[in-house]
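J.: Residue numbers (my numbering), protein chains in the order written: chain V, 14 to 173; chain Y, 1013 to 1081; chain R, 14 to 221.
Before I ask anything, here is the structure I am working with.
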Amino acid sequence: MKFNTDRKWLERRADQEDRHFISVGGLISTLDPTCQTELESTQSMETTKTAFARLLQLARRERRLSLENLAEKADVDLAELFKIETDEAFTPNLRTVHQLALVLDLPAKKLMVLAGLLQVKDVSLQQASVRFAARSEPIGNVSPEEHAALEEYVKFLNER
Amino acid sequence: MNPKRTMTLNLTDQEMVVLEELSVQKDLSKTALLRQALRMYQLVDARISRGEKLFFEDHEKQKAELMVL
Amino acid sequence: MKETIQIIDNQSGQLVDAEIFDEVALAHFIETQAEWRPVVLEAARALSKSPNQATLIPRHYHWDWTRKEAELKMLALKFYGLSCEERLQGIMKVETVARSCRLPEQQGKPLVYIDYIETAPWNIKQLMVPLGKAQQYRGVGSRLFEAAVLQSVEEDFKGRLGLHSLPGSEGFYIRECGMTPVGRDPHKQNLLWCEFTPEQARRYLAGE
């Protein structure tokens, strides 16, 4: 095969290529949204984890409990509790979530889904989590708006 | 390209006529045309061997099974 | 077939030797999944964070991997790999039998159909930019495309070439390469079918 050996030709073609996605099929294709599904599930997990962290924090603050108080009451590790509230990428262990659910009077199984310990494709849970995460703030006193948001979200979790 | 070997082909007059006509129609040399035929044969055979069926569909969307090799 | 060609090393701006070969093995495909995919996903996540880039999110090609070994034996199918520094930089799959020309002036004549052409994500500018990285090599996709055109010439197809362009690449194939847009294909997610005539292929190869 006689490939073009002219440098200018190659530079020109490389410039053109850089301005576009020239892949046909391949990983850069619209032929099957498998990657999209993977990306979507990553994003939805991030949202539910945010909702989980906020939910725990608001529920704790509603009861006027400090992190230490809650850790003691639920018989869980304080460091882990701190991580749950501050590091959204963190996945807590099963027992911790179960204990917190007991103390904070929240549905345990739902909490495990939110924490990323259980995989369930639930669009309405996803949507409710997004709404709740958007309406809650991670610090400060529980405002009336946050209180309303918390109530609504807990009601939703308990109903299903 | 990969190295090639030469083969002599004995064709009837009728076969030669068809080969020549198709070559003109497809703008291919006779060798290239026969190469295409071989590729197509292998491809079709492989799929039929896997249990698939080859159909033709006419203008009225009627399907007719083409072949079982 | 194995040939040495040049691509551009982005950092130095120099031409470097690379190899184009057609003895693509299973191991090469596994490499694309194991090494390329994670980088593509990483770039997709970075891209999805910026709203106007969301349309560039890569999708996964659904190719039946279980049939790949059988496909490697088919004369009608040809796979090309491009490697540099012993690492796979690009891969391409072409077909010569299942499809033919659709342009009226060459209707029914055989062509080389590019089914799949892909460059390793670290060579794609739009994927590296959101990751804050620089491309490694440039011109990889173009070399593979060039190989497809050269194959068409060698096959006696006179340079006739066809492909279904992805929405984001239509400008590239039509304006930059000079292909003719023939029409949207309802059998292929309405992708645009683009074709080379012998004259267009000749001009592409010559750089006119």
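Glycine residues also receive a C-beta, built at the ideal position from the N, C-alpha and C atoms.
Grab me the residues of THR104 (chain V)'s own chain with a C-beta within less than 6 Å of its C-beta, minus the 5 sequence neighbours each way, in chain order.
T.: GLY129
J.: Could you give the first and the last residue of the continuous alpha helix (DSSP H) run that contains HIS1071 (chain Y)?
T.: Following the DSSP letters along the chain, one finds HIS1071 (chain Y) in no alpha helix (DSSP H), marked with neither H nor E.
J.: Cβ closer than 8 Å: which chain R residues qualify as neighbours of LEU1031 (chain Y)?
T.: Ordered by position in chain R, no residue passes the 8 Å Cβ test against LEU1031 (chain Y), which lies about 14 Å from the chain.
J.: Compare the C-alpha of ASP169 (chain R) against each of Y:ALA1044, Y:MET1019, Y:VAL1030 and name the closest.
T.: Y:ALA1044
J.: List, in order along the chain, the chain R residues whose C-beta lies closer than 9 Å to that of LEU1021 (chain Y)?
T.: Near LEU1021 (chain Y) there are no residues of chain R at all, since even the closest Cβ is about 17 Å away, more than 9 Å.
J.: Tell me which residues share the same chain as PHE34 (chain R) and place their Cβ nearer than 6 Å to its Cβ, disregarding the 5 neighbours each side in the sequence.
T.: LYS15, GLY94
J.: For the segment 1020-1069 of chain Y, list the alpha helix (DSSP H) runs that are entirely contained and at least 4 residues long, ordered along the chain.
T.: 1025-1038, 1042-1061
J.: Give the straight-line distance between the Cα atoms of CYS48 (chain V) and LEU131 (chain V), rounded to the nearest whole angstrom.
T.: The pLDDT assigned to CYS48 (chain V) is 40, lower than 50, so where the model puts this residue is not dependable; a value taken from the coordinates is nonetheless given after this. CYS48 (chain V) and LEU131 (chain V) have their C-alpha atoms roughly 21 Å apart.
J.: Can you tell me whether MET105 (chain R) is buried or exposed, with buried defined as 16 or more other CB within 10 angstroms of its CB?
T.: buried
J.: Starting from VAL116 (chain V), trace the alpha helix (DSSP H) both ways and give me its first and last residue.
T.: That run of the alpha helix (DSSP H) goes 107-117.
J.: Check each residue of the segment 137-156 of chain R: if its Cβ is closer than 7 Å to any Cβ of chain Y, include it; give the result in chain order.
T.: none
J.: Taking only three categories from DSSP, how would you classify MET125 (chain V)?
T.: helix
J.: Buried or exposed: which applies to LEU52 (chain V), given that a residue is buried once 16 or more other Cβ atoms fall within 10 Å of its Cβ?
T.: Low confidence applies here, because LEU52 (chain V) scores a pLDDT of 49, under 50, leaving its location unreliable; read the following figure in that light. By the neighbour-count rule (16 or more Cβ atoms within 10 Å), LEU52 (chain V) is buried.
J.: Relative to the C-alpha of LEU1034 (chain Y), which candidate in R:LYS122, R:GLY196, R:SER178, R:CYS97 has its C-alpha closest?
T.: R:LYS122
J.: Near HIS41 (chain R), what residues of its chain come up, given a Cβ to Cβ distance below 7 Å and the 5 sequence neighbours on each side ignored?
T.: GLY94, LEU101, ILE104
J.: Which residues in chain R sit within 7 Å of LEU127 (chain V), going by Cβ to Cβ distance?
T.: Simply none; closest approach about 21 Å.
J.: List, in chain order, every chain R residue whose beta-carbon is nearer than 8 Å to that of LEU130 (chain V).
T.: Those do not exist, as LEU130 (chain V) stays about 22 Å from chain R at its closest Cβ, beyond 8 Å.
J.: Determine the chain Y residues that contact MET87 (chain R) at a beta-carbon separation under 9 Å, and present them in chain order.
T.: ARG1051, GLN1054, LEU1055, ALA1058
J.: Taking Cβ-Cβ distances shorter than 7 Å, what residues in chain R pair up with LEU1040 (chain Y)?
T.: PRO123, ASP169
J.: Which chain C residues sit within Cβ distance under 7 Å of ALA40 (chain R)?
T.: The chain labelled as chain C is not found among the protein chains of the depicted structure, namely V, Y and R.
J.: Just checking: is the beta-carbon of ALA1076 (chain Y) within a distance shorter than 7 Å of some beta-carbon in chain R?
T.: no
J.: Please report how far the alpha carbon of MET192 (chain R) lies from the alpha carbon of GLU208 (chain R), in whole angstroms.
T.: Taken atom to atom, the span from the alpha-carbon of MET192 (chain R) to that of GLU208 (chain R) is near 5 Å.
J.: Applying a beta-carbon distance threshold of less than 9 Å, which residues of chain R neighbour GLN1048 (chain Y)?
T.: ALA89, THR109, VAL110, PRO123, GLU168
J.: Cβ of LEU163 (chain R) less than 7 Å from any chain V Cβ?
T.: Closer than 7 Å: yes.
J.: Would you say ILE18 (chain R) reaches chain V, if we count a Cβ-Cβ gap shorter than 7 Å as a contact?
T.: Closer than 7 Å to some Cβ of chain V, the Cβ of ILE18 (chain R) qualifies, so yes.
J.: Would a check of beta-carbon distances place LEU91 (chain V) closer than 7 Å to chain R?
T.: no
J.: Output the distance between the C-alpha atoms of GLU957 (chain Y) and ALA161 (chain R), rounded to the nearest integer angstrom.
T.: Only positions 1013 to 1081 of chain Y appear in this structure, which leaves residue 957 (chain Y) out of reach.
J.: Grab me the residues of ASP45 (chain V)'s own chain with a C-beta within less than 8 Å of its C-beta, minus the 5 sequence neighbours each way, in chain order.
T.: Bear in mind that a pLDDT of 30 at ASP45 (chain V), under 50, signals an unreliable position, so the model cannot answer this.
J.: Hey, could you find the ends of the alpha helix (DSSP H) PHE92 (chain R) is sitting in?
T.: Taken as a continuous stretch (DSSP letters only), PHE92 (chain R) belongs to no alpha helix (DSSP H), being part of the beta strand (DSSP E) at 90-97.
J.: Applying the criterion that 16 or more other CB atoms from any shown protein chain within 10 Å of the CB defines a buried residue, is ASN82 (chain V) buried or exposed?
T.: Per the 10 Å Cβ criterion, exposed.
J.: Taking the alpha-carbon positions, what's the ARG1059 (chain Y) to GLU99 (chain R) distance?
T.: 35 Å
J.: Given a threshold of 16 other Cβ atoms within 10 Å of its Cβ, counted over all protein chains shown, does PHE185 (chain R) qualify as buried or as exposed?
T.: buried
J.: Determine, using beta-carbon pairs with one atom in the segment 110-117 of chain R and one in the segment 164-179 of chain R, whether at least three such pairs fall under 8 Å.
T.: yes
J.: With 7 Å as the threshold, decide whether the Cβ of ILE21 (chain R) is near any Cβ in chain V.
T.: By this cut-off, ILE21 (chain R) is an interface position.
J.: What residue range does the beta strand (DSSP E) around ILE97 (chain V) cover?
T.: Boundaries for ILE97 (chain V): no beta strand (DSSP E) harbours it, while the alpha helix (DSSP H) harbouring it runs 91-99, taken from the DSSP string.
J.: How long is the line joining the alpha carbons of TYR1053 (chain Y) and GLU1072 (chain Y), rounded to whole angstroms?
T.: 27 Å
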